[in-house]
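Below is one structure; the comments refer to it alone.
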Amino acid sequence: LRQFIDSGKLGCRDQRGYTPLHLACLTGNRECVELLLMAGATLAATALDSNRRENTALDFLVHNIRDPMIFIEEQFNRCICINEHELYDPLCAVYVDFNIIKPSDDSDGQMHVLNAIRKCRLDGLLLHPLVEAFLYLKWGKLKLWYYGILAIFSVFLMAFTLLVIQLYYYSDAKINVSNSGLTNVYK
Numbered sequence: 104l105r106q107f108i109d110s111g112k113l114g115c116r117d118q119r120g121y122t123p124l125h126l127a128c129l130t131g132n133r134e135c136v137e138l139l140l141m142a143g144a145t146l147a148a149t150a151l152d153s154n155r156r157e158n159t160a161l162d163f164l165v166h167n168i169r170d171p172m173i174f175i176e177e178q179f180n181r182c183i184c185i186n187e188h189e190l191y192d193p194l195c196a197v198y199v200d201f202n203i204i205k206p207s208d209d210s211d212g213q214m215h216v217l218n219a220i221r222k223c224r225l226d227g228l229l230l231h232p233l234v235e236a237f238l239y240l241k242w243g244k245l246k247l248w249y250y251g252i253l254a255i256f257s258v259f260l261m262a263f264t265l266l267v268i269q270l271y272y273y274s275d276a277k278i279n280v281s282n283s284g285l286t287n288v289y290k
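Just so we're aligned: 259 in the numbering used here is position 156 of the sequence shown, and the numbers increase by one with no gaps anywhere.
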């Protein structure tokens with residue numbers, strides 16, 4: 104397995120579309136799953152099962168490895184380490200490796216592993232410090248876009264509301280709204 108990992112073929116698939124991580128999860132081999140995850144295999148890799156349903160490696164892990172929640176939490180814990188200083192020491196540095204959540208070869212999306220965790224109903228893992236740190240950093244990059252879109256939507260909503268008021272309220276009250284903004288009441 105180590106030679107296979109060193110060859111860089113973590114994403115290769117067999118005739119059924121299974122990656123090495125799928126096979127390790129199917130057989131319930133914890134050591135192989137750990138090695139593949141540390142090497143960068145993605146839990147969100149999908150393959151079709153015998154019923155032609157799309158399943159992730161995480162789906163197979165949940166059904167074939169005993170105590171999957173504890174196992175995945177242990178894998179997440181391995182991705183967080185601190186230097187030799189105490190946690191409250193100003194010289195303490197925390198190092199976080201997000202590759203288990205967002206593998207480097209996962210170019211089409213950054214949330215696939217988190218979506219797979221939700222799909223498998225392992226919502227408790229979403230409260231893990233690794234996931235929280237990932238989402239915090241993600242929000243830091245996206246909040247400007249979010250607030251910008253919210254501002255554009257607010258301007259649109261106000262303009263649309265004014266249009267509706269002008270079309271329906273003023274026409275029902277027989278008030279003429281001229282282009283200059285002045286209003287004249289019909290008699």
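Think of the CB as a built atom: it goes at the ideal place given N, C-alpha and C, for glycine as much as any other residue. Bear in mind the structure is a predicted one, so any value in this text is a computation, not a measurement.
Specify whether the region 185 to 194 and the region 116 to 127 touch according to this definition: at least 3 beta carbon pairs, one from each stretch, less than 8 Å apart. no
Report all residues from its chain with a CB closer than 8 Å to the CB of R133; omit the five preceding and five following residues, and keep chain order. If you number the sequence shown from 1, residue 133 lands on position 30. Excluding positions up to five away in sequence, the list reads I168 and F174.
Using only alpha-carbon positions, find the residue among L190, L161 and E189 that is nearest to E176. Numbered from its first residue, the sequence shown carries residue 176 at position 73. Checked all of L190, L161 and E189; the closest Cα to E176 is L161.
So, are the CB atoms of A142 and T159 less than 8 Å apart? Along the sequence shown, read from residue 1 onward, the residue named residue 142 stands at position 39. Along the sequence shown, read from residue 1 onward, the residue named residue 159 stands at position 56. Going by C-beta atoms, A142 is not nearer than 8 Å to T159.
For T149, which residues does DSSP report across the bridge? Taking the sequence shown and counting its residues from 1, one reaches residue 149 at position 46. For T149, which the question treats as bridged, DSSP gives the partners T159.
In chain order, what residues of the same chain have a beta carbon less than 8 Å from the beta carbon of F107, not counting five sequence neighbours either side? Translated into the one-based positions of the sequence shown, residue 107 becomes position 4. Closer than 8 Å at the Cβ level, and outside the excluded window around F107, lie P123.
Can you tell me the Cβ-Cβ gap for E235 and Q178, rounded? I've got them flagged as a contact below 8 Å. Your numbering for residue 235 matches position 132 in the sequence shown. Your numbering for residue 178 matches position 75 in the sequence shown. That belief does not hold up - the Cβ atoms of E235 and Q178 are roughly 16 Å apart, past 8 Å.
Compute the distance between the beta-carbons of A150 and H125, then report whether it is under 8 Å. Walking along the sequence shown from the start, residue 150 turns up at place 47. Walking along the sequence shown from the start, residue 125 turns up at place 22. Going by C-beta atoms, A150 is nearer than 8 Å to H125.
Residue ranges of each alpha helix (DSSP H) within the region 221 to 267, 4 or longer: 232 to 267
Boundaries of the beta strand (DSSP E) in which I185 is found, first to last residue: On the sequence shown, residue 185 is found 82 positions in, with the first residue counted as 1. Element bounds for I185: I183 to I185.
Beta strand (DSSP E) segment containing Y198, residue limits: Here the question's residue 198 lines up with position 95 in the sequence shown. Where Y198 is concerned, the enclosing beta strand (DSSP E) stretches over V197 to V199.
In chain order, what residues of the same chain lie with their CB nearer than 7 Å to the CB of G227, ignoring the 5 residues before and after it? Start at 1 with the first residue of the sequence shown, and residue 227 comes out as number 124. If we look at G227 and ignore the five residues flanking it on each side, its Cβ neighbours are M172.
Straight-line CA distance for V199 to E157? By one-based count along the sequence shown, residue 199 stands at place 96. By one-based count along the sequence shown, residue 157 stands at place 54. Going from the Cα of V199 to the Cα of E157 covers about 31 Å.
E176 (DSSP reduced to helix, strand or coil): Numbered from its first residue, the sequence shown carries residue 176 at position 73. Three-state DSSP puts E176 in a helix.
Does DSSP put I203 in a helix, a strand or coil? Reading the sequence shown from its first residue, position 100 is the one you call residue 203. I203 falls in the helix class under three-state DSSP.
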